[in-house]
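Asker:
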Amino acid sequence: MKKAMATTLALTMALSLAACGSTTSSSSTAADSTSETSSATAESTAEGGKIGFLAPTLQTEFFIGIDNDLKAACEANGYEYTSVDFAGDSATAVTGIENMVTAGCDVIVAMVSDTSCDDALAAAQAEGVKIVECGVETAVYDCCLNVDQYNWGERIGEMASNWAIDQLGAENVNYVIYTTYQDADMQNRGQGIQDKIQEMMPEANLLEVVDIGKDIVGSGTSTTENMLQKYPDLNMIACYGDAAAVEAMEAIKAAGLNSDDFGIFSCDGTNQALASIANNDILRGTIASEAIGTQMFEYSQRLLAGETFDEPVMMEGTEVTKDNVSDWYNG
């Protein structure tokens, strides 16, 4: 049975790609001169090459899942592994990259959301380090793992619209969209959500498109509480990623508004989202993919074997609703 591993681009992808937190076991720090709480490094050692993972946060299920899967793949194949949580801070990310180069990483897998790390990544390349970018396409990489962000946004919008038309009737839908303007990839996902819902339900009432910012723990909660105050008739939320969607769900439930007539839709295929769908909770749809951490390792190996990738490698995903959630979740 397939398992969705907590992975947005927003890839969501996005893949969503900057926030705060730290790892649970630490053998070195991302920046000797920065606060110990701003970043941490988790490292496992084995024979073979060495792969470093630069994560915007290791505090959400999506990124924790990637970290765990990449670490497991490295250990199973005789690679050393280290991960750095740069807590959404560009300076910490740059220092983390520099430390990985000094520590002898052969590959750096970077999930950054803007150009602030380009110089550091280019310097790492000049030292012979292979760069795998994931979730967004920046200027510096040897392999970029991404998704068609606009299309994934459309698919979120389509799931939301199909449910709303059947359950509420399009004319009765009052919805908000949670997006982020951190980078073009995430903007494209948010635009895809908006365009598809407006295409399928032109009579629905779009209350607001919210720039929820970086994927910081708690942002989905505070944003949703604010939306409920502004729009008491809100009955649907379309999110760029599961982290915000799960927090939105909990905020709706805390307000006593969870019912068959409220729907939240997002992307990432985290276990929390899948459990909600399986339990017929108000988070009703997500997009899941095969383990991103495992794919990161595969392409790292291929780079070290001499393969080249001139164009981004597009990862696939599957819309998950109540109709097929059993294929992805058996909790």
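Numbering-wise, the sequence shown is residues -30 to -1, 1 to 301 according to mature numbering (1 follows the signal peptide of the UniProt record, and there is no 0). Quick reminder that beta carbons are idealized off the backbone N, C-alpha and C, glycines included.
Can at least three beta-carbon pairs, one atom from the region 83 to 99 and one from the region 53 to 69, be found at a separation below 8 Å?
Answerer: Enough Cβ pairs lie closer than 8 Å, so yes.
Asker: Jot down the residue ranges of each uninterrupted alpha helix (DSSP H) in the region 172 to 233, minimum 4 residues, whole runs only, in chain order.
Answerer: List check, alpha helix (DSSP H) in window: 189 to 200, 212 to 224.
Asker: Sorry if obvious, but does the Cβ on Ile135 come closer than 8 Å to a heavy atom of the ligand FMN?
Answerer: This structure simply doesn't include the ligand FMN, nor any ligand for that matter.
Asker: Using alpha carbons as the reference points, say which of Met170, Phe56, Tyr201 lies closest to Ile126.
Answerer: It is Met170.
Asker: On the three-state DSSP scale, how would you describe Tyr151?
Answerer: Tyr151: coil per DSSP, three-state reduction.
Asker: Can you find the residues in the same chain that come closer than 8 Å, C-beta to C-beta, to Met70, ignoring five residues on each side of it along the sequence?
Answerer: Gly22, Leu24, Thr52, Val54, Ile78, Ala94, Val99.
Asker: Beta carbon of Cys237, beta carbon of Thr264: below 9 Å?
Answerer: No, the pair does not count as a contact, with Cβ atoms beyond the cut-off.
Asker: For the region 199 to 212 against the region 221 to 241, are there 3 or more C-beta pairs whose distance is under 8 Å?
Answerer: Contact between the region 199 to 212 and the region 221 to 241 is present, because at least three Cβ pairs lie under 8 Å.
Asker: Quick check on the burial criterion: 16 or more other C-beta atoms within 10 angstroms. Buried or exposed for Tyr151?
Answerer: So Tyr151 ends up on the exposed side.
Asker: Please tell me whether Ala218 and Thr194 are closer than 9 Å, where the distance is taken between their beta carbons.
Answerer: Taking 9 Å as the Cβ cut-off, Ala218 and Thr194 qualify as a contacting pair.
Asker: Which first and last residues belong to the alpha helix (DSSP H) in which Ile36 is found?
Answerer: From DSSP, the alpha helix (DSSP H) with Ile36 extends over 31 to 46.
Asker: Considering only their Cβ atoms, is the gap separating Leu40 from Phe279 smaller than 9 Å?
Answerer: For Phe279 and Leu40, no; Cβs fall outside 9 Å.
Asker: How would you call Gly190, buried or exposed, if buried means at least 16 neighbouring beta carbons within 10 angstroms?
Answerer: Per the 10 Å Cβ criterion, buried.
Asker: Tell me the residue span of the alpha helix (DSSP H) that contains Tyr120.
Answerer: Tyr120 -> alpha helix (DSSP H) spans 119 to 137.
Asker: Going by the beta-carbon positions, is the gap between Glu68 and Gly19 smaller than 9 Å?
Answerer: No.
Asker: With burial defined as no fewer than 16 other Cβ atoms inside 10 Å of the residue's Cβ, what is the status of Thr108: buried or exposed?
Answerer: The residue is buried, with at least 16 neighbouring Cβ atoms inside 10 Å.
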